[in-house]
Amino acid sequence: MSNATLEAVSPSLQPQPGAPDNWRRFFSFSTDHKVIGIQYIVTAFIFFLFGGLLAMVMRGELITPEADLVDRTVYNGLFTMHGTIMLFMWTFPMLNGLANYLVPLQIGARDMAFPRLNAAAFWMVPVFGVILTLSFFVPGGPSQSGWWAYPPVSLQNPTGNLINGQSLWLLAVALSGVSSIMGAVNIVTTIFRMRAPGMGWFKMPAFCWTVLSAQMIQLVGLPALTAGAVTLLLDLTVGTSFFNPELGGDPVLYQHFFWFYSHPAVYVIILPIFGVFSEIFPVYARKPLFGYRVVAVSSLIITGLSLIVWVHHMFASGTPGWMRMLFMFTTMAISVPTGIKVFAWVATIWGGKLRLNTAMLFALGGLSTFLFAGITGIMLASAPFDIHVNNTYFVVGHFHYVINGAVVMGFYAAIYHWFPKMTGRMYYEGLGKLHCALTFIGINLIFLPMHPLGLMGMPRRVASYDPEFAFWNVLASLGGFLLGVSTLPFILNMLSSWAQGKQAPDNPWRAIGLEWLVSSPPPHENFEQLPIVVSAPYGYGSDEPLVANDPAHKPTHDLTEGVSP
Amino acid sequence: MNRRTIGVLVGLAIADLLASLWIGQQAYTWMPPQASAESVLVDNLFSFMTTLGSFIFLGVMGTLLYAILFQRAAKYDASDGPNIEGNVKLEVVWTTIPILLVIWIATVSYQTYDRMSILGPMEPLPMGMATAEAAPTDRAASVTSPPIQVFARQWAWEFHYPEAGVRSTELHLPVNQRAQLVLSSEDVLHGFFVPAFRVKQDVVPGREINFEFTPIREGRYRLRDSEYSGTYFAANQTNVVVESSEDYQDWLAMAAARSPFPAENVAFEAFNQTDASAIGLGWKTVEPAPAPLVNFASSEEDTYE
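These protein sequence lines are chains A and B, in that order.
What the first sequence shows, in my numbering, is residues 905 to 1469, in sequence order.
What the second sequence shows, in my numbering, is residues 217 to 521, in sequence order.
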């Protein structure tokens, strides 16, 4: 926006530590949003592999009915840390990485609003990552109360030590919350204040709309989680009794605190992935995003509704009937704006000129798993049906179809799509397609069998189970191992392409968007001159230019030259 | 659109509908046996939602697959597709239809929940909204058996029949009578879950929760702890026996005549075994409560449906 032009310090040509060809910047306290974005993504991906390894040990345990591979306490620690790492160390940092990298480029800004705050928020991630990892080595092991940490189980402290898995877990989650709030303040401010001249709200790419909607949820919801975590930590360490029923506390109150944030958190996770779909389908179908304005606004509607549905996690908890019915109706309502998006993507693809390269295949895979998860999600919103499958594998199957299906496949789609921009290199299509096929088969093989298991009545979080569940569990375990193997072609592709892939042009996909107008990788501070946006973001099939100037090059008659120092 | 296109679309919609109706019927077979009045209601609801869900899933996936197969760009075709930015009519349709669908699903769900009345008749809503009429017409049983106290603990289930003076780790219920349970926990959260009954309720320490349902089929079924309760959570299971009124009375009399003995308890036995072994590969755990002293115990050897 206009005030951004005031700080239009001309990007200097002299060499500097943040220069795009200097690999050491990825290990420094860099304030360049592109460096921070990649730092987030790579750190998160390492933890993704760690969390996946824990899941594979769990699938090893579950391939037989008896608890025979690991001790029950170890299994309980594994599923707790799997959930915690996948959410707080993988999903949130990974999405912050995508938002960090893409938002300033897409809105035509030279960096984020608060670059130092941005770097500080990132560097907290390895800190609480280390705390979580270290908790495996304290006496008594890591937290074993599940990632919900419901009291009173989370208050039982068999070792009696002050430093135990649970208190370290709570410390890490609180730090993660602080880091997320810092990130959210930064991203929301950036989108509000730093859009390029001419970029009105309805000229902003859909990805930025979804990031804005998601980060606003963080600002509203995280204080509730932090309050819950702090009071639980007080109960655990100094013996207060907010949630301890023996001393008059109420364990159900904690569940309200927890889900008041943690339900909206799933929209913090899925909304940016919706944004990725909205960016990718138009490029590879060569058609404008169908109903762009409605798709954009539906993100905000989802944000609003996401704050009033949390009790659907508590349909079988200590909740009265009227509360279950009320939240059943609000939960059903949220499927409407979500459905609008799905139909809009299908209409975008329909009648286009499809190019099925890796990014598009991943996005299509993510869309199909999301559609399936959306339908089982509406079933779960129905309280009487949920009462049967609540806390069973049906729920585990449902949310993994979202979070490993839609979110992880959407992440891969984004990485393949923007890899040339991020690194200046092209990836290998063949390896990418192999990766996509293995991932898609793996996801369906592990998570589809969980639905019949849940309907049959297999509870989640069990280290052992009755023999009638063995068949589907064997299939699921095989799928889990395949999913582990599927990451190998990805890692190989990324490392070798980044090292010696073909040089990428500025815009290899002929995509429309400000990030594609600058070089690959973009220079420090992105734009030689701030773009002047004149069109809506998805002008495929029309000849209208997106911008009125050439942001990659200095203006020949630079009027701002005089003001810059 | 010409007539032929409309004909093809109508034909596809009918095919989608028929396939969905068939899948909706299959949904019944994915569930455990229907052993309670509530399970019939829940299965009908699930079949209804499976039909609707399949219709949408097949319709959307069919459209996507057609586009993927037949609408690909030719190898050297660098041109764009048509510049279609939206269609207000279509967008109104695909907003309105889902709104109507979810209102339909929510209404059917509301009626189902109301008829189940597992927590007793629903309390009136605040803000003066009236509940549906109490006393549903098809409540399977007008007879109600006396309340049974259910104690959940780490990690055992214990059922107390106060009138008969019986304690048991196997839940016995007379068929076709409204079962009344009073759920309470002595330590942490547990979940009372009988898949064959399709009912579930968290057991909250510090509260007594009245829970009811109607078994309609004789047999032995599995009862599982459904709310994570710590180390031996997975082993916290037992059986429910639904039997005729006469058999139930006989069982109560037989059990009352026995003197209490320690029941079989997976958690307690496993803990003592691990504790005795020299090398522990696990972490320190909360100690299980000792095996409950009861007049009648369930056995892990018993078969169930």
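From the three backbone atoms N, C-alpha and C, an ideal C-beta is built for every residue, glycine too.
Treat the numbers as computed from the prediction; the structure is a model and nothing was measured.
What is the rounded straight-line gap between the Cα of A/G1269 and the Cα of A/F1344? As a first step, residue 1269 of chain A must be located in the first sequence, where it is residue number 365. As a first step, residue 1344 of chain A must be located in the first sequence, where it is residue number 440. So the two alpha carbons sit approximately 7 angstroms from each other.
Whose Cβ in chain A lies nearer than 9 angstroms to the Cβ of B/M332? For this step, residue 332 of chain B is matched to residue 116 along the second sequence. By Cβ distance, chain A contributes P1288, I1291.
Please classify A/R1190 as buried or exposed, where buried requires at least 16 neighbouring CB atoms within 10 angstroms. To locate residue 1190 of chain A, count along the first sequence from 1; it is residue 286. By the neighbour-count definition (other C-beta atoms within 10 Å, threshold 16), A/R1190 is a buried residue.
Do you know how far the Cα of A/G1012 is from the Cα of A/I1206? For the purposes of this step, residue 1206 of chain A is taken as residue 302 along the first sequence, with counting starting at 1. For the purposes of this step, residue 1012 of chain A is taken as residue 108 along the first sequence, with counting starting at 1. The alpha-carbon atoms of A/I1206 and A/G1012 are separated by roughly 26 angstroms.
Between A/H1355, A/A1367, A/Q943, which has its C-alpha nearest A/A1380's C-alpha? Taking the first sequence and counting its residues from 1, the one referred to as residue 1380 of chain A is at position 476. Out of A/H1355, A/A1367, A/Q943, A/H1355 has the C-alpha closest to the C-alpha of A/A1380.
Which chain A residues are close to B/N299, counting only those with a beta carbon under 8 angstroms from its beta carbon? As a position in the second sequence, residue 299 of chain B is number 83, starting the count at 1. Neighbours of B/N299 on chain A, chain order: K1191, P1192, G1443, Y1444, G1445, S1446.
Among A/N1061, A/M1283, A/G1358, the one whose alpha carbon lies nearest that of A/R1374: Here residue 1374 of chain A corresponds to residue number 470 of the first sequence, with the count starting at 1. According to the sequence provided, residue 1374 of chain A is Ala. The question's Arg does not apply to it. Here the closest residue by C-alpha is A/G1358.
Is any beta-carbon of chain A found at less than 9 angstroms from that of B/S236? For this step, residue 236 of chain B is matched to residue 20 along the second sequence. B/S236 does not count as touching chain A.
Proximal residues, the stretch 955 to 970 of chain A versus chain B, C-beta separation under 9 angstroms: none
Under a Cβ-count criterion, where at least 16 other Cβ atoms within 10 Å of its own Cβ denotes burial, should A/K1257 be classed as buried or exposed? One-based indexing of the first sequence puts residue 1257 of chain A at position 353. Buried.
At which residues does the beta strand (DSSP E) containing B/D441 begin and terminate? One-based indexing of the second sequence puts residue 441 of chain B at position 225. Taken as a continuous stretch (DSSP letters only), the beta strand (DSSP E) holding B/D441 covers 435 to 441.
Could you check the C-alpha separation between A/E1333 and B/V276 for me, to the nearest Å? Here the question's residue 1333 of chain A lines up with position 429 in the first sequence. Here the question's residue 276 of chain B lines up with position 60 in the second sequence. Cα to Cα, the separation comes out at about 27 angstroms.
Rank B/L316, B/V318, B/S333, B/N481 by C-alpha distance to the C-alpha of B/E254 and give the top, closest one. Position 38 of the second sequence, counted from the first residue, corresponds to residue 254 of chain B. Checking every option, the nearest Cα to that of B/E254 belongs to B/S333.
In this structure, does DSSP put B/R288 in helix, strand or coil? Looking up residue 288 of chain B in the second sequence gives position 72. Three-state DSSP puts B/R288 in a strand.
Within this structure, are the beta carbons of B/V458 and B/A243 separated by less than 9 angstroms? Taking the first residue of the second sequence as position 1, residue 458 of chain B is located at position 242. Taking the first residue of the second sequence as position 1, residue 243 of chain B is located at position 27. Taking 9 angstroms as the Cβ cut-off, B/V458 and B/A243 do not qualify as a contacting pair.
Can you have a look at A/K1458 and say buried or exposed, based on whether 16 or more other CB atoms are within 10 angstroms of its CB? Locating residue 1458 of chain A in the first sequence gives position 554, where the first residue counts as 1. Taking every protein chain shown into account, the CB of A/K1458 has fewer than 16 other CB atoms within 10 angstroms, so this residue is exposed.
Taking 9 angstroms as the CB-CB cut-off, is B/Y464 touching chain A? In the second sequence, the residue the question calls residue 464 of chain B occupies position 248. False, the Cβ-Cβ gap to chain A never drops below 9 angstroms.
Give a yes or no on contact between the stretch 264 to 276 of chain B and the stretch 226 to 242 of chain B, applying the rule of three or more CB pairs nearer than 8 angstroms. Result yes; three or more Cβ-Cβ pairs closer than 8 angstroms.
Contact with chain A by B/A368, beta-carbon distance below 9 angstroms: To locate residue 368 of chain B, count along the second sequence from 1; it is residue 152. Output row for B/A368: interface = no.
Close-in-space but distant-in-sequence residues of the same chain around A/A1003 (CB under 7 angstroms, 5 per side omitted): Walking along the first sequence from the start, residue 1003 of chain A turns up at place 99. Result list for A/A1003: I1091, V1115, P1176, in chain order.
Considering Cα atoms alone, identify which of B/M247, B/N511, B/L261, B/A451 is closest to B/E485. The sequence position of residue 485 of chain B within the second sequence is 269, counting from 1. Closest by alpha carbon: B/A451.
In this structure, how does DSSP classify B/K416 when only helix, strand and coil are distinguished? As a position in the second sequence, residue 416 of chain B is number 200, starting the count at 1. Reduced to three states, the DSSP call for B/K416 is strand.
Considering only C-alpha positions, which residue in the set A/Y1297, A/G1104, A/L1387, A/L966 is nearest to A/I1347? In the first sequence, the residue the question calls residue 1347 of chain A occupies position 443. With distances taken between Cα atoms, A/I1347 lies closest to A/L1387.
Against chain C, which members of the stretch 1221 to 1242 of chain A pass a CB distance test of less than 8 angstroms? The structure shown has no chain C; the protein chains it does contain are A and B.
Buried or exposed, going by whether 16 or more other CB atoms sit within 10 Å of the CB of A/L1450? The count along the first sequence starts at 1 and reaches residue 1450 of chain A at position 546. Classification of A/L1450: buried, given that the 10 Å Cβ count is 16 or more.
Nearest-angstrom Cα separation, counted from B/N218 out to B/D232: Translated into positions along the second sequence, residue 232 of chain B becomes position 16. Translated into positions along the second sequence, residue 218 of chain B becomes position 2. Rounded to the nearest angstrom, the two C-alpha atoms are 21 angstroms apart.
Within-9 angstroms CB hit, B/N455 to chain A: Within the second sequence, numbered from 1, the residue matching residue 455 of chain B stands at position 239. Chain A, which has no Cβ nearer than 9 angstroms to the Cβ of B/N455, makes this no.
What is the rounded straight-line gap between the Cα of A/M1086 and the Cα of A/C1112? For the purposes of this step, residue 1086 of chain A is taken as residue 182 along the first sequence, with counting starting at 1. For the purposes of this step, residue 1112 of chain A is taken as residue 208 along the first sequence, with counting starting at 1. Using only the alpha carbons, I get a separation of about 18 angstroms.
Excluding sequence positions up to five away, which residues of its chain have a Cβ less than 6 angstroms from the Cβ of A/P1046? Indexing the first sequence from 1 puts residue 1046 of chain A at position 142. Hits under 6 angstroms: G981, M985, S1039, F1040, G1069.
Rounded to a whole number of angstroms, what is the C-alpha to C-alpha distance between B/A368 and B/K416? Residue 368 of chain B sits at position 152 when you count from the first residue of the second sequence. Residue 416 of chain B sits at position 200 when you count from the first residue of the second sequence. If you take the alpha carbons of B/A368 and B/K416, they lie about 14 angstroms apart.
According to DSSP, what are the bridge partners of B/R394? Numbered from 1 along the second sequence, position 178 holds the residue referred to as residue 394 of chain B. Partner(s): B/T360.
Determine whether the beta carbon atoms of A/G1417 and A/P1062 lie at a separation below 9 angstroms. Here residue 1417 of chain A corresponds to residue number 513 of the first sequence, with the count starting at 1. Here residue 1062 of chain A corresponds to residue number 158 of the first sequence, with the count starting at 1. It is not a contact, given that the beta carbons lie outside the stated cut-off.
Quick one: does A/W1254 have its CB under 9 angstroms from some CB of chain B? Position 350 of the first sequence, counted from the start, is the residue given in the question as residue 1254 of chain A. Judged by the 9 angstroms Cβ criterion, A/W1254 is in contact with chain B.
With DSSP as the reference, please indicate the residues paired to B/N426 in a beta bridge. In the second sequence, counting from the first residue as 1, residue 426 of chain B sits at position 210. According to DSSP, which records beta bridges pairwise, B/N426 is partnered with B/V398.
Would you mind giving the Cβ-Cβ distance between A/V1007 and A/T1094, rounded to the nearest angstrom? I have them listed as a contact below 8 angstroms. Working through the first sequence from its first residue, we reach residue 1007 of chain A at position 103. Working through the first sequence from its first residue, we reach residue 1094 of chain A at position 190. Rounded, the Cβ-Cβ distance is 6 angstroms, consistent with contact.
Give me the chain B residues within the contact set of A/V1156, using Cβ-Cβ distance strictly less than 7 angstroms, ordered along the chain. Position 252 of the first sequence holds residue 1156 of chain A. Here the neighbours are V420.
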